[in-house]
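Working notes, beginning with the structure itself.
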Ligand SMILES: [Mg+2]
Ligand SMILES: [Zn+2]
Ligand SMILES: [Zn+2]
Ligand SMILES: [Zn+2]
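Chains as they are written, first to last, in the working numbering: chain U, 1 to 83; chain B, 1001 to 1875.
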């Protein structure tokens, strides 16, 4: 997996929430659940440090689990686009 | 029948080619004259009747329609020499610097261009804009030194704003520029951000100029009969004149220099015709010296077409007047002057059931108040009741007619105060027609509108359709807005005297006779039996204020909280609180504690009102608020309440002690300065010695002011009316009072003691570099005794900062708010709790991440566990 930086893994930083690439099947389910086309999801560039760290590629959907002051945990999905 | 002449399914914004300009043109304009001696439009002049008609009675020579139905038609001017379009000067600059001056190709190697082309094709397919790629191409191509296609060296190109380009030492004429742009291939144009299917680069240099129809630039005839032309026409006259001279000079083979000059002048006129506000170009003026308002000025800015006409429309069925308070009407109501009620109307459809009623309205007509202004028959014929025989019309009406009747009590109105910064700036009120000339509103709705009565004006709008009225009633009604969605607490509630009055009534020791108690209930409009008197003495019964207040509380209400006046004692004595700050409400009875800001003040964490809205609904909450405010005012009137400057009186011994404190402070400051001068001051971590000294001095002075204030506060107890207002949260603060009674304190600008003005000092009365309390703006006087002259000046310095701050802040936050609202305006929460924009794209996967509406929850939490427990086991 493409963690490009040898010195530091940004995933370990407190301010970086958990990013995971969804398997194709789950990604399809997410699109179905929200009844959206991929482009209607919030976007993230494949060059984004967090996306690079987990090796996300164009067309993937990333699941982000954030700490939320209101809900405790909040889940968001972002569609990976090129550049 | 409605005919749809053309169906629009797509729009492109593009450039007009010279050919297209000529194609849409109905005539070439060759003369700068407008009308002949008889006042008829001159053929092929700027007012040619083929360009459309504005004079009533005349027919358009192009479409045959009369003024009003003729949309107007474009003409064109053939320019003797091409000129640059100012609006595209940047595009031209980009095209020129990215391409080779000889072969016209983009100065990047072919494979790289192919690469970019591929990327753009993808983006086009995805329906996205490719500006980003185009900019990358331009940026990298313009830094290349030698053309990779033909090997030509690049010559430095300078863009002299707004329309000139200089290559090396050569100034490029618009003709040169156009020639170069023509050489750019379609494939290359795409890479430069120009879609060749829609526009060609060379079309940014004009060879023909469209002349807008006269309907766009109508001339007006003044009362004196003199014709006055539109600014655009004036500008077009200039263009044609210069164009003519230019072409004559070219024809006669005039010297190069003269032609160049005229050409440049033509460029100037065409530039200012498009935009008369380009920097670096002197604005074109009218003969009177007024700056002409040309095309860009018509669109731009606050009064422009977009912000002024498209987003800011003027409406019918609206009224505006000064507002004034009326504590006797409900928060749901609004007092409307009769004059306005007779002007604004509501359409009523006539049925068998309201026929007689409507007939009476028609008979009364537009001048006798509950009347009607107009009626429409089912076939669409309108009758103006001002001029008709109304008795006759009253007989003709039958079911199916629509009558525009005057506003009456209970009609729904939208009430608005600018700036409309949040949802509650427009709320639906019920009309109440009153004498007078102002809109009347209940004082409790001042906070959401941010209104006061120093001359504020407000607007009213009358929803016309049944749907609009129903929507306004259900969604926009004032009582539905009591809780603000911004912080989840009441934004409509008691203010000022409402709080004082409630405190006076409910504090310990308030004893009311039967007459007094009944007087209060009558003021509220509550005609019910009194409860058992709390005290019996000498055969007469006496009621406590708490008993009377409890009569307004809903049954079953249980609450326990600390009032605003609570002193936060280290160990709370609860029910035994000496100042009665521990509030206990059981089953709608106020058992302990006083009612103050903490109970029902707007914009405050108010326990009682908040609870009632959330547990009993908005109707009961509205009734509670209407009654409580009336009761409080009546109580304040009955029990007596006043304040004056003697409320800030403190005894001489207090004054002496305050003086001592301040004297000691001055001495301590001087001591600090001595230590500093001796170089013995211990610096605080991360601070210089100077900063340390400043911080220590400020600390000493602030502490002394607080101590002085504290001494004054000892003599300002809850029997003092000014203190009652401050402590209950009705108005003012203890700081305000101690500044009046004891000491005003340090004045500051940008958080620092005053030091600017003269060399090393704020005023010439001090030595340069003097650091004492007095020299740097410490005001040891109080407002009541008055400030010394120098203190007064310092105070003005500090006060000005506040004024400047608010002015700057409102301007900045206003602009920020505009941009924020523009960005968020079409977001909405869908039924699946996601937040989406106008395209259906997801912004949040769960509204607020927890899906909770703050206006309908307790402190923003989905469930209030403590409350449920308290309710279940019975508090
Ligand atoms: Mg005002
Ligand atoms: Zn016409
Ligand atoms: Zn070349
Ligand atoms: Zn207490």
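C-beta atoms are modelled at their ideal positions from N, C-alpha and C, and glycine is treated no differently.
Note that the coordinates shown come from a computational prediction; the quantities given were computed from them, not determined experimentally.
Sorry if obvious, but does the Cβ on residue i come closer than 6 angstroms to a heavy atom of ligand 5?
| i | result |
| --- | --- |
| residue 1102 (chain B) | What this structure holds is ligand 1, ligand 2, ligand 3 and ligand 4, not ligand 5. |
Excluding the 5 residues preceding and the 5 following residue i in the sequence, name in chain order all residues of the same chain whose CB lies nearer than 8 angstroms to its CB.
| i | result |
| --- | --- |
| residue 997 (chain B) | Here chain B has residues from 1001 to 1875 only, and residue 997 (chain B) is not among them. |
| residue 1350 (chain B) | 1358, 1397, 1398, 1399, 1400, 1401, 1402, 1403 |
| residue 1714 (chain B) | 1654 |
| residue 973 (chain B) | Summary: the structure shown does not reach residue 973 (chain B), with chain B confined to residues 1001 through 1875, and so no result is reported for it. |
In terms of residues, what are the limits of the beta strand (DSSP E) holding residue i?
| i | result |
| --- | --- |
| residue 1883 (chain B) | No information on residue 1883 (chain B) is available, as it lies outside the stretch 1001 to 1875 that chain B covers here. |
| residue 1541 (chain B) | 1540–1544 |
| residue 1374 (chain B) | 1372–1376 |
| residue 1347 (chain B) | 1345–1349 |
| residue 1561 (chain B) | 1559–1562 |
| residue 1843 (chain B) | 1842–1844 |
| residue 1415 (chain B) | 1412–1416 |
| residue 1792 (chain B) | It is not in any beta strand (DSSP E) - residue 1792 (chain B) instead sits in the alpha helix (DSSP H) that spans 1789–1824. |
| residue 1336 (chain B) | 1333–1337 |
| residue 65 (chain U) | 61–68 |
| residue 21 (chain U) | 18–21 |
| residue 1171 (chain B) | 1170–1172 |
| residue 1319 (chain B) | 1318–1325 |
| residue 1432 (chain B) | 1426–1434 |
| residue 1589 (chain B) | 1589–1592 |
Who are the near neighbours of residue i in its chain, counting only those whose CB is closer than 6 angstroms to its CB and skipping five residues on each side?
| i | result |
| --- | --- |
| residue 1759 (chain B) | 1768 |
| residue 1711 (chain B) | 1654, 1657, 1658 |
| residue 1533 (chain B) | 1541, 1542, 1543 |
| residue 1322 (chain B) | 1438, 1457 |
| residue 979 (chain B) | Residue 979 (chain B) lies beyond the residue range present for chain B, which begins at 1001 and ends at 1875; the question has no answer from this structure. |
| residue 1553 (chain B) | 1588 |
Got a sec? Which residues, its chain only, sit under 7 angstroms from residue i by beta carbon, not counting five neighbours each side?
| i | result |
| --- | --- |
| residue 1838 (chain B) | 1826 |
| residue 1463 (chain B) | 1412, 1414, 1469, 1472 |
| residue 1140 (chain B) | 1108 |
| residue 1791 (chain B) | 1779, 1781 |
| residue 1538 (chain B) | none |
| residue 1409 (chain B) | 1431, 1432, 1433 |
| residue 1155 (chain B) | 1101, 1167, 1168 |
Span of the alpha helix (DSSP H) holding residue i?
| i | result |
| --- | --- |
| residue 1498 (chain B) | 1497–1506 |
| residue 1638 (chain B) | 1618–1639 |
| residue 1250 (chain B) | 1231–1251 |
| residue 1470 (chain B) | 1466–1471 |
| residue 1390 (chain B) | 1390–1396 |
| residue 79 (chain U) | Element bounds for residue 79 (chain U): not the alpha helix (DSSP H) but the beta strand (DSSP E), 72–81. |
| residue 1384 (chain B) | No alpha helix (DSSP H) contains residue 1384 (chain B), which is instead part of the beta strand (DSSP E) from 1382–1384. |
| residue 1728 (chain B) | 1721–1728 |
| residue 1075 (chain B) | Here residue 1075 (chain B) belongs to no alpha helix (DSSP H); instead the beta strand (DSSP E) covers 1075–1084. |
| residue 1568 (chain B) | Note, residue 1568 (chain B): premise wrong, no alpha helix (DSSP H); not H, not E. |
| residue 1681 (chain B) | No alpha helix (DSSP H) holds residue 1681 (chain B); DSSP gives it neither H nor E. |
| residue 1599 (chain B) | 1597–1600 |
Q.
Taking 8 angstroms as the cut-off, does the stretch 1779–1789 of chain B touch the stretch 1830–1840 of chain B (at least 3 CB pairs, one atom from each stretch)?
A. no
Q. Who sits around ligand 2, taking every residue whose Cβ is closer than 6 angstroms to one of its heavy atoms?
A. B:1052, B:1060, B:1062, B:1063, B:1065, B:1070, B:1073
Q. Which residues have their C-beta within less than 5 angstroms of a heavy atom of ligand 1, listed in chain order?
A. B:1452, B:1454, B:1456
(Q) Tell me whether the stretch 1216–1227 of chain B and the stretch 1093–1107 of chain B touch, counting them as touching only if at least three CB pairs, one residue from each stretch, are closer than 8 angstroms. (A) no
Q | Near-chain B residues of the stretch 27–43 of chain U - C-beta to any C-beta below 7 angstroms | A | 34, 36, 40, 41, 42
**Q.** Inter-stretch contact (C-beta, 8 angstroms, three-pair minimum) for the stretch 1730–1747 of chain B and the stretch 1647–1656 of chain B
**A.** yes
Q: Count the C-beta pairs between the stretch 1482–1492 of chain B and the stretch 1843–1859 of chain B that are closer than 8 angstroms, then say yes if the count reaches three, no if not.
A: yes
Q) For the stretch 1120–1133 of chain B against the stretch 1188–1207 of chain B, are there 3 or more C-beta pairs whose distance is under 8 angstroms? A) yes
Q. For the 8 angstroms Cβ check, are there 3 or more pairs between the stretch 1495–1503 of chain B and the stretch 1627–1637 of chain B?
A. yes
**Q.** chain U contacts made by the stretch 1119–1130 of chain B, where a contact means CB separation under 8 angstroms
**A.** 1126
Q) Can at least three beta-carbon pairs, one atom from the stretch 1326–1338 of chain B and one from the stretch 1425–1444 of chain B, be found at a separation below 8 angstroms? A) yes
(Q) Taking contact to mean 3 or more Cβ pairs, one atom from each stretch, closer than 8 angstroms, check whether the stretch 1543–1557 of chain B and the stretch 1519–1533 of chain B are in contact. (A) yes
**Q.** Touching by the beta-carbon criterion (3+ pairs, under 8 angstroms), the stretch 1674–1685 of chain B and the stretch 1722–1737 of chain B
**A.** no
Q | Members of the stretch 63–74 of chain U near chain B, C-beta cut-off 7 angstroms | A | 68, 70, 71, 74
Q: Could you list the residues in the stretch 1598–1632 of chain B with a C-beta less than 7 angstroms from some C-beta on chain U, going in chain order?
A: none
(Q) Across the stretch 1261–1278 of chain B and the stretch 1131–1148 of chain B, are there enough close Cβ pairs to call them in contact, namely three or more that are closer than 8 angstroms? (A) no
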